[in-house]
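See below for the structure under consideration.
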Amino acid sequence: MVRAGLRLLYSLLAFLAADFAVGSTIGKNSENQSKAPSAPATSVRIGNDSFAPRAAALDFGASKWIWTNELLAGGVAPVGSRAFRKTFIAPLGKVPVTAVILITVDDAFTLSVNGAAVGTGENWQFAESFCVALQPYLNVFAVTATNDGGPAGILATVQVTYNDGSTSTFVSDSTWRASPTVPAGYEQLSYDDNSWAPAIIEGAYGVAPWGQIAIPSTPLSITRAQWIWTNEVVNGSAPPGPRAFRRTYTPPFGQIATSATIIITVDDQYSLYINGILVGSGATWPVAQTYTVNLTPAPNVVFAVYAVNGGGPAGLLATMEITTAKQGYDCSSGAILVTDGRWKSNSGTPIGFQLAGYDDSSWPAATVEGPEGIPPWGNIAVSSSSGPVTAVGGAPAGQKNAAVV
Numbered sequence: 024m025v026r027a028g029l030r031l032l033y034s035l036l037a038f039l040a041a042d043f044a045v046g047s048t049i050g051k052n053s054e055n056q057s058k059a060p061s062a063p064a065t066s067v068r069i070g071n072d073s074f075a076p077r078a079a080a081l082d083f084g085a086s087k088w089i090w091t092n093e094l095l096a097g098g099v100a101p102v103g104s105r106a107f108r109k110t111f112i113a114p115l116g117k118v119p120v121t122a123v124i125l126i127t128v129d130d131a132f133t134l135s136v137n138g139a140a141v142g143t144g145e146n147w148q149f150a151e152s153f154c155v156a157l158q159p160y161l162n163v164f165a166v167t168a169t170n171d172g173g174p175a176g177i178l179a180t181v182q183v184t185y186n187d188g189s190t191s192t193f194v195s196d197s198t199w200r201a202s203p204t205v206p207a208g209y210e211q212l213s214y215d216d217n218s219w220a221p222a223i224i225e226g227a228y229g230v231a232p233w234g235q236i237a238i239p240s241t242p243l244s245i246t247r248a249q250w251i252w253t254n255e256v257v258n259g260s261a262p263p264g265p266r267a268f269r270r271t272y273t274p275p276f277g278q279i280a281t282s283a284t285i286i287i288t289v290d291d292q293y294s295l296y297i298n299g300i301l302v303g304s305g306a307t308w309p310v311a312q313t314y315t316v317n318l319t320p321a322p323n324v325v326f327a328v329y330a331v332n333g334g335g336p337a338g339l340l341a342t343m344e345i346t347t348a349k350q351g352y353d354c355s356s357g358a359i360l361v362t363d364g365r366w367k368s369n370s371g372t373p374i375g376f377q378l379a380g381y382d383d384s385s386w387p388a389a390t391v392e393g394p395e396g397i398p399p400w401g402n403i404a405v406s407s408s409s410g411p412v413t414a415v416g417g418a419p420a421g422q423k424n425a426a427v428v
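24 is the number of the first residue of the sequence shown in the working numbering; add one for each residue after it.
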C-alpha cells in the first residue's frame, strides 16, 4: 500500500514538474539542458570575462562508493553497463533552480537529469562537475555506469540551489537505486524504479582501490599526468625534431567552455595552441609553465602542441582544467584532462595541425612512457608564470595574445 502511494506521489510530482517546465521559466534561463549551443567563432580571450559563473566548492567527503549487488570477492564486478537512479524531492516550500553534480565512475558513465543527457566521463581518477537546471518538486538523476573489468563504483556529490539562494547537498549512498540492466527510458521522470534494489555501499571516499580523486576547482597538479610521445621511442630515446600532438575536449551538452588552466612542459621545447591560437612556449623542461585563458564560445576546445626533441629522451607532460557553463546559470561545470593515451600524435607537423577544424582522425594514439616522476625526468617543478607568446623555431606563428597571464 505504501509503495503504491509512493508511485502515485511520484507520478503526480513528475506531472507537475513537466507541466511547469512547459509553461514557466526557472531562474534566469528557461532553455532545455539538452539544447546544443550554436557554433560560434573560435578564439581565445585573455583578461576579464563578463561571463564568469561561480564554481561550487564540492568534495566527496561524505560520499560513498556504490554499485549493484553483483559484487564478487575482492570487490570485482561483472563487465558491462548498469543503471542507477536517485529521486530528489524538494523540501516543502523550496523550489530547486540548479544543481552542481560532482561525479566519477569506475570506469565510465553517462549522466542524465530528468531524461536530458548532461555529460559523460571516462577516467575515474578525475571527477567531472556539471551544472544543470532543475524542475520544481521532483528531479531524477540517472547514471549509466560501465565497468570494463575489475572493481566498479559510482561516487557522487550533488548540491542543489533553491530560488531563495539556499542550498542542500546529497551524496551517493544506499538511497540510490540500482539495476543490473539498463532499461529503455529509465532516465525519465515518469519511470517507475520501485522494483529496483537499493545500491550497495562499497566504502567511504578514499577507500582502496580508488584512493583520492582529482576534483575540479582544487589546486591543479601535474602529478597525475603521463609522459607521452610518438611511437618512435626506442630504449628511452627518440629521433630529434618536431612532433605534433592534439587533444580535443567537447563541453557537456548545452554548455560552453569559458576558461582553461594549463600546466605543461616538454623535453625539450614546445609551443602550445588552443583552437589555433598561440598561447605560449617553453624550453626549460625541468620547470613546467602555467597558463590561464578565457575562451570565447566554441563547439570544441582543441589543445595542440608543437613539441621539439633535441635528441635523447623526449616527452610531453600536461594537465588542463576546463571550466564550462550554461548562459544565465550562476554555476559552472569543470573537467580535468591530462596527457595520456587519449591524445593523438603525429611523427610530423602537418600544415594547420594546430587549428580546431583540422582532421586528426587518422593520427595514432600517443604512446604513454610513464607517470610524472619517472626517470630520466623525475619530479617536475611548476612555475606560476607562463612562457613567452612567441613560437619556437619552426612552429606555426598562430595568433598572439599578448595579455596571457
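In this text, a Cβ means the ideal position worked out from N, Cα and C, and glycines have one as well.
N- and C-terminal bounds of the beta strand (DSSP E) containing residue i
i: Arg-365; result: Counting along the chain, Arg-365 falls outside any beta strand (DSSP E), and DSSP gives it neither H nor E.
i: Gln-312; result: 310-318
i: Asp-290; result: 279-290
i: Lys-109; result: 103-112
i: Gln-182; result: 176-185
i: Gln-350; result: Neither: Gln-350 is in no beta strand (DSSP E) and is coded neither H nor E.
i: Cys-354; result: Per DSSP, Cys-354 belongs to no beta strand (DSSP E) and is neither H nor E.
i: Lys-87; result: 87-90
i: Trp-250; result: 249-252
i: Phe-164; result: 161-170
i: Ala-201; result: 200-202
i: Gly-142; result: 139-144
i: Val-155; result: 151-156
i: Trp-393; result: The question names Trp, but residue 393 is Gly in the sequence shown. From DSSP, the beta strand (DSSP E) with Gly-393 extends over 390-394.
Cα-Cα separation between residue i and residue j, rounded to whole angstroms
i: Thr-273; j: Asn-323; result: 5 Å
i: Ser-218; j: Trp-90; result: 16 Å
i: Ala-426; j: Asn-254; result: Any answer about Ala-426 is weak, because its pLDDT of 37 lies below 50 and its placement is not dependable; what the coordinates show is given next. Ala-426 and Asn-254: Cα-Cα distance of roughly 36 Å.
i: Arg-77; j: Val-256; result: Because the pLDDT at Arg-77 is just 45, under 50, the model does not fix this residue reliably, and the point stays unresolved.
i: Ala-311; j: Ala-222; result: 43 Å
i: Gly-401; j: Glu-395; result: 7 Å
i: Tyr-296; j: Ala-414; result: 10 Å
i: Phe-276; j: Gly-142; result: 6 Å
i: Val-331; j: Thr-362; result: 16 Å
i: Asn-369; j: Val-302; result: 20 Å
i: Gln-278; j: Gly-338; result: 33 Å
i: Val-328; j: Val-405; result: 18 Å
i: Pro-262; j: Gly-371; result: 11 Å
i: Trp-250; j: Tyr-314; result: 19 Å
i: Gly-381; j: Ala-106; result: Sequence check: residue 381 is Tyr here, not Gly. Answer to the nearest angstrom: the Cα atoms are 36 Å apart.
i: Leu-115; j: Cys-154; result: 23 Å
i: Gln-158; j: Ala-348; result: 18 Å
i: Ala-280; j: Ala-96; result: 42 Å
i: Ser-152; j: Ala-248; result: 19 Å
i: Thr-241; j: Val-325; result: 23 Å
i: Ser-355; j: Glu-93; result: 35 Å
i: Arg-270; j: Ile-236; result: 22 Å
i: Thr-346; j: Leu-125; result: 13 Å
i: Leu-212; j: Thr-198; result: 17 Å
i: Pro-232; j: Tyr-352; result: 36 Å
i: Lys-367; j: Ser-104; result: 27 Å
Under the three-state DSSP convention, the category residue i falls into
i: Gly-28; result: Note that Gly-28 has pLDDT 46, beneath the 50 cutoff, so the model's placement of it is unreliable and the number below is only indicative. DSSP places Gly-28 in helix when its eight states are reduced to three.
i: Gly-98; result: helix
i: Asn-298; result: coil
i: Ile-223; result: strand
i: Thr-307; result: coil
i: Ala-122; result: strand
i: Val-194; result: strand
i: Asn-332; result: strand
i: Phe-376; result: coil
i: Phe-276; result: coil
i: Leu-340; result: strand
i: Val-405; result: strand
Status (buried if at least 16 other CB within 10 Å, exposed otherwise) for residue i
i: Ala-122; result: buried
i: Val-194; result: buried
i: Gly-144; result: buried
i: Asp-383; result: buried
i: Asp-290; result: buried
i: Ala-220; result: exposed
i: Gly-410; result: buried
i: Leu-81; result: buried
i: Gln-433; result: Outside the modelled stretch of the chain, which goes from 24 to 428, sits residue 433, for which no answer is possible.
i: Pro-419; result: buried
i: Ile-285; result: buried
i: Val-120; result: buried
i: Val-102; result: exposed
i: Asn-298; result: buried
i: Ser-282; result: buried
i: Pro-239; result: buried
field: Three or more C-beta pairs below 8 Å linking the segment 122-136 and the segment 259-266
entry: no
field: the segment 384-399 contacting the segment 161-181, beta-carbon criterion three pairs below 8 Å
entry: no
message: With three or more C-beta pairs closer than 8 Å as the rule, is the segment 346-365 touching the segment 300-309?
response: No contact exists between the segment 300-309 and the segment 346-365.
message: With three or more C-beta pairs closer than 8 Å as the rule, is the segment 111-119 touching the segment 152-164?
response: yes
field: Cβ contact check for the segment 227-234 and the segment 200-212: 3 or more pairs under 8 Å
entry: no
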